[in-house]
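Top line first, the protein sequences correspond to chains A and B.
The first sequence runs 238 to 352 under the working numbering.
The second sequence runs 912 to 1026 under the working numbering.
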Amino acid sequence: EPEVTQTPSHQVTQMGQEVILRCVPISNHLYFYWYRQILGQKVEFLVSFYNNEISEKSEIFDDQFSVERPDGSNFTLKIRSTKLEDSAMYFCASSVGAGVSNEQYFGPGTRLTVT
Amino acid sequence: AQSVSQHNHHVILSEAASLELGCNYSYGGTVNLFWYVQYPGQHLQLLLKYFSGDPLVKGIKGFEAEFIKSKFSFNLRKPSVQWSDTAEYFCAVNALGTGRRALTFGSGTRLQVQP
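In structure tokens form, the structure reads like this:
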């Protein structure tokens, strides 16, 4: 069964550094998402992406964040200058379409630790 | 904006006990409803979903959920839990008619099943 994959599984970085989290969505999916979960808190939506542009973003997704689909398979989340409060589990998800069948398939997550 | 409440943060049950996890959402319009499960060390997996039609939906692994529109609820049930059901369970909502595809998650319920 096709799966969403994410790399790395765990990333440790120092405050102020840039990080890029990578995701490979399911191949025939058209919509891509990033969510995050700070330890002990709920899963929060960050951004959705369709047709090579951001279709929706939350208030969390400020200028420090950016997303890109650099080629036909990868979908990346970049944090320009990490802060301690960016430490969280970051989940990538993808869905086939945008209609009522908005079933999102999640990847295993990348645990980001900012020190 | 929609929100999701999961009332039980941590539930401990013995094997064969019945399970009901509460989920309430706040949104006046039409919604898609989901339950996701996260087994220890694994990614979010879809248990079941409600889009329309029969308000009693059956999912994988013997789980079911009932959508009660008048109560804005979508409670998850299982008649007899197993040790392997130990996991974190998340209720999620997608509000239709808003143009948003983002899922809004509840804070999760950690289920611990004792053998």
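Think of the CB as a built atom: it goes at the ideal place given N, C-alpha and C, for glycine as much as any other residue.
Query	Result
Length of the line joining the Cα atoms of B:F978 and B:N935	10 Å
Under 8 Å by beta carbon: chain B residues contacting A:V261	Those do not exist, as A:V261 stays about 13 Å from chain B at its closest Cβ, beyond 8 Å.
Under the three-state DSSP convention, the category A:L321 falls into	helix
Per-residue contacts from B:F983 into chain A (C-beta, under 7 Å)	Those do not exist, as B:F983 stays about 18 Å from chain A at its closest Cβ, beyond 7 Å.
Residues of the segment 1002 to 1020 of chain B with Cβ closer than 9 Å to any Cβ of chain A, in chain order	A1003, N1005, L1007, G1010, R1011, R1012, A1013, L1014, T1015, F1016, G1017, S1018 and G1019
Within 7 Å of chain A by C-beta, residues of the segment 957 to 969 of chain B in sequence order	L957, K960 and F962
Reduced DSSP secondary structure (H/G/I, E/B, other) of A:I316	strand
Collapsed DSSP secondary structure at B:S937 in the structure displayed	strand
Distance, A:K315 Cα to B:V942 Cα	31 Å
Beta carbon proximity, A:V280 to chain B, threshold 8 Å	yes
Residue-level contact to chain B via CB, A:F269, 8 Å cutoff	no
C-alpha distance - A:I257 paired with B:V1024, whole-angstrom precision	37 Å
C-alpha gap between A:D323 and A:F343, whole angstroms	20 Å
Candidates A:F286, A:S264 and A:I263, of which the one nearest A:Y270 by Cα	A:F286
Identity of the residues DSSP links to B:K972 by a beta bridge	Partner(s): none; B:K972 has no beta bridge.
Helix, strand or coil at B:S991 according to DSSP, with G and I counted as helix	coil
Complete runs of the beta strand (DSSP E) confined to the segment 271 to 317 of chain A [at least 3 residues]	280 to 287, 290 to 294, 302 to 305 and 312 to 316
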